[in-house]
DNA sequence: CAGTCTGTCCCGATTATCGGGACGCCTGTC
DNA sequence: GACAGGCGTCCCGATAATCGGGACAGACTG
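Residue numbers (the working numbering), protein chains in the order written: chain A, 1 to 262; chain B, 263 to 524.
Here it is as structure tokens:
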């Protein structure tokens, strides 16, 4: 029994909160029985029984024919698949990006990770209003993860195994404007993960500063990142710190809107 | 305004039915206003207003900051993505396959389509109890769509554009045990689509009969099919007809469990 | 065949939903 | 600047739901 879930169900006495708790329970496990789910949620058996059966009547859940256990039904399956299909990172991120970009008044880029290619591509950008500003260039082009804060903002927050596999496949020292020993890259990634964001100077483009933070989807996977970029003649340590706070906050907001729970 | 949806919402007076109707409305459109949604569903404005705001309080929906419009919120996004992620065709199909295979007592195979490769692979099978029986062979191997009822059960039901692209890429005549003019293949596919299932004789394996019907996911896309196979010394027209009925019914059940609405 | 697990069901008290209508707000338009 | 028509919001008495403790029947097990 998960105390957090039980608390959440008990804290809000509104009838709907129970429905949400019951349906959300099926994100943890495929099948639930009445008593089982009732103790898991800390709710009376009769209440769970009623909700479960009403949900079956609505097609949200389905009762297994023999045992009295319940699974996800047609209506909920449809809702889940169609909504998940419509859920689009770009449109969810856009308003958050505009606010964040305006707050610092520097260019902010949205990049998405492709686990298959082990690369990323920028898919959207909000440019700063400065006459001299960071411009990503053509969107939807693939780039490697190991150079620049855009890539490292993803790489640093991938699961250890995945990150190791990518780093281990690189030559040692890692090529780039300034060749870096693999061990040094690993240390940088570790620090970035602890800090929650990445800062880089002139790795991808000379004279550019980059600050990035990861975006996660509802399953917790890192799916991309947000990246601030500006020319280093407008740079100072305080600005880097502010950019870090803003980009972490913005990335967290996008993750939350996508259903991620920290 | 969609009369079907409105009818569905009005038909069931249970409070939950309204909640389901409201949430399902977000599968049609990204944003809804109170009045807008109320007339769409044929419900009183006050009811929709209450449901919408309570849903926001639960995190299921989110209110756009400026306008009073509503979108999918964190909790619903999470529910959708995680459930869609957990939803597994194989485990959903298995019980249906076992019943259907037992009813005809012949081997029944589940095949999944890969739109990227434009091929399919068998991922599960329930074998018949006959000593001489159809056996698919190793699972998870890719095969082309244009030969045998397993592939045609998918190909025949793909959208016209997609089907045309695949057929047009084939040589004319189409190679196989019995070379077929492309026009003849197109006619076969058209007939199969009208009938709802595919019947083939010895196309993939000599001496084998195959009968298949398509499986669709919640978005209506054809994602694979179910295929009966048996040796032709156990065949007769009546059996083919029975197999057609059974496989169409089974495929429809799997599609429904995945959230497909005809 | 008792012990223990399961799901099911009943019923009075509680509490939410229900929905028609009034209200305030904003945005156009004449 | 008045007015119409769109919007979301809110109120409140009547209705109908949820609520939950507890009793019950069946299935399984040792």
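Even for Gly, the Cβ is constructed at its ideal location relative to N, Cα and C.
Residue pairing of residue 477 (chain B) in beta bridges, as defined by DSSP: B:486. Taking a cut-off of 8 Å on C-beta distances, the segment 507-518 of chain B touches the segment 343-362 of chain B, as three or more cross pairs fall below it. Taking the Cα positions, residue 179 (chain A) is about 15 Å away from residue 187 (chain A). For residue 16 (chain A), a Cβ of chain B is located within less than 8 Å of the residue's own Cβ. Checking the DSSP bridge columns, you'll see residue 119 (chain A) partnered with A:114. Taking the CA atoms as reference points, residue 80 (chain A) sits about 7 Å from residue 341 (chain B). Here DSSP, grouped into helix, strand and coil, assigns residue 231 (chain A) to strand.
For residue 70 (chain A), not one C-beta of chain B is nearer than 8 Å to its own C-beta.
Ranking A:226, A:42, A:231, A:156 by CA distance to the CA of residue 192 (chain A) puts A:156 first. Under the Cβ distance rule, residue 381 (chain B) does not count among the residues neighbouring chain A, no pair being separated by less than 8 Å.
A contact is defined here as three or more CB-CB pairs under 8 Å, and the segment 488-496 of chain B meets this definition with respect to the segment 365-382 of chain B. The beta carbon of residue 199 (chain A) sits closer than 6 Å to those of 211, 240, all from its chain and outside the five residues before and after it, given in chain order.
Taking C-beta separations shorter than 7 Å and ignoring five residues to either side along the sequence, the partners of residue 463 (chain B) in its chain run 471, 494, following chain order. In this structure residue 104 (chain A) is buried. Its beta-carbon is surrounded by 16 or more other beta-carbon atoms within 10 angstroms. Assigned with DSSP and collapsed to three states, residue 404 (chain B) falls in strand. Between residue 119 (chain A) and residue 142 (chain A) the beta-carbon gap is near 4 Å, inside 8 Å, which marks them as a contact. Per DSSP, reduced to three states, the secondary structure at residue 299 (chain B) is helical. Sorting B:293, B:353, B:483, B:414 by C-alpha distance to the C-alpha of residue 327 (chain B) places B:293 at the top. Interface criterion met: the Cβ of residue 23 (chain A) is under 8 Å from a Cβ in chain B. Not a single C-beta of chain B is nearer than 8 Å to the C-beta of residue 171 (chain A).
In the DSSP assignment, residue 170 (chain A) falls outside any alpha helix (DSSP H) and carries neither an H nor an E. Closest option to residue 415 (chain B), judged by alpha-carbon separation, among B:346, B:524, B:407: B:407. When the alpha-carbon of residue 465 (chain B) is set against those of B:485, B:438, B:458, B:459, the nearest one is in B:438. Comparing alpha-carbon positions, the option among B:499, B:496, B:478, B:483 lying closest to residue 512 (chain B) turns out to be B:478. Along the length of the segment 19-99 of chain A, whole alpha helix (DSSP H) runs at least 4 residues long occupy 34-41, 45-57, 74-86, reported in chain order. Under a 10 Å Cβ-count criterion, residue 330 (chain B) is classified as exposed, with fewer than 16 other Cβ atoms of the shown protein chains found around its own Cβ. Judged by DSSP secondary structure, residue 254 (chain A) falls within the alpha helix (DSSP H) whose first and last residues are 237-257. Under the DSSP definition of a beta bridge, residue 201 (chain A) partners with A:209. When C-beta atoms of the segment 45-57 of chain A are compared with those of the segment 303-323 of chain B, fewer than three pairs fall below 8 Å, so the two segments do not count as touching.
For residue 159 (chain A), no chain B residue has a C-beta closer than 8 Å to its own C-beta; the minimum C-beta separation is roughly 16 Å. The three-state secondary structure of residue 14 (chain A), taken from DSSP, is coil.
Inclusion of residue 345 (chain B) and residue 22 (chain A) in the CB contact set at 8 Å is not warranted, their separation being larger than that value. The beta carbons of residue 134 (chain A) and residue 223 (chain A) sit about 23 Å from each other, so the pair does not count as a contact at 8 Å.
Of the other Cβ atoms in all chains shown, 16 or more fall within 10 Å of the Cβ of residue 128 (chain A); this residue is therefore buried. Between residue 83 (chain A) and chain B, the shortest Cβ-Cβ separation is below 8 Å.
In its chain, beyond the 5 residues on either side, 179, 180, 181 have a beta carbon closer than 6 Å to the beta carbon of residue 173 (chain A).
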